[in-house]
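Asks: In terms of numbering that gives the first Met the number 0, the sequence shown has 83 at position 84, counting the first letter as 1, and numbering is strictly consecutive.
Note that the Cβ used here is the ideal one computed from N, Cα and C, for glycine as well.
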Amino acid sequence: MEDRRFKIARFEAICSVALALLYFTWWYGFAYHGTPEDPESFHFVMGLPGWFFFSSVLGPFVFCVLAWAMVKLLFRPVSLDSKEDRDE
Numbered sequence: 000m001e002d003r004r005f006k007i008a009r010f011e012a013i014c015s016v017a018l019a020l021l022y023f024t025w026w027y028g029f030a031y032h033g034t035p036e037d038p039e040s041f042h043f044v045m046g047l048p049g050w051f052f053f054s055s056v057l058g059p060f061v062f063c064v065l066a067w068a069m070v071k072l073l074f075r076p077v078s079l080d081s082k083e084d085r086d087e
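(1) Which residues share a DSSP beta bridge with residue 51?
(2) Which residue from 51, 79, 40 puts its Cα closest to that of residue 27?
(3) With burial defined as no fewer than 16 other Cβ atoms inside 10 Å of the residue's Cβ, what is the status of residue 81: buried or exposed?
(4) Measuring only from the beta carbon, is residue 54 closer than 7 Å to any heavy atom that is part of the ligand SAM?
(5) Give the DSSP-derived three-state secondary structure of residue 77 in the structure shown.
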């Protein structure tokens, strides 16, 4: 029978990798696909090109908040002691 700590660790690892992949997709999408080919048609946000603002300024803030929420809502505290250590 598998230790429940490994199930919890696997779930948390999958959530973390999923969030990292989502962040990469966000960044890549805005940085490479959110850029018009003609620099004259750039959309500016706070003096920065829109693709840069959304990929490199807003993105890290959004994903820090998402990471905090993920840890608060999905992660659980787990004892790192082995079963033998707990029995003593």
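Replies: Put simply:
(1) The residue given as residue 51 occupies position 52 in the sequence shown. None; residue 51 has no bridge partner.
(2) Looking up residue 27 in the sequence shown gives position 28. Nearest option by C-alpha distance: 51.
(3) Numbered from its first residue, the sequence shown carries residue 81 at position 82. Residue 81 is classed as exposed because its beta carbon has fewer than 16 other beta carbons within 10 Å across all chains shown.
(4) Among the components of this structure there are no ligands whatsoever, and the ligand SAM is therefore not found.
(5) Along the sequence shown, one-based indexing puts residue 77 at 78. When DSSP states are grouped into helix, strand and coil, residue 77 belongs to the coil group.
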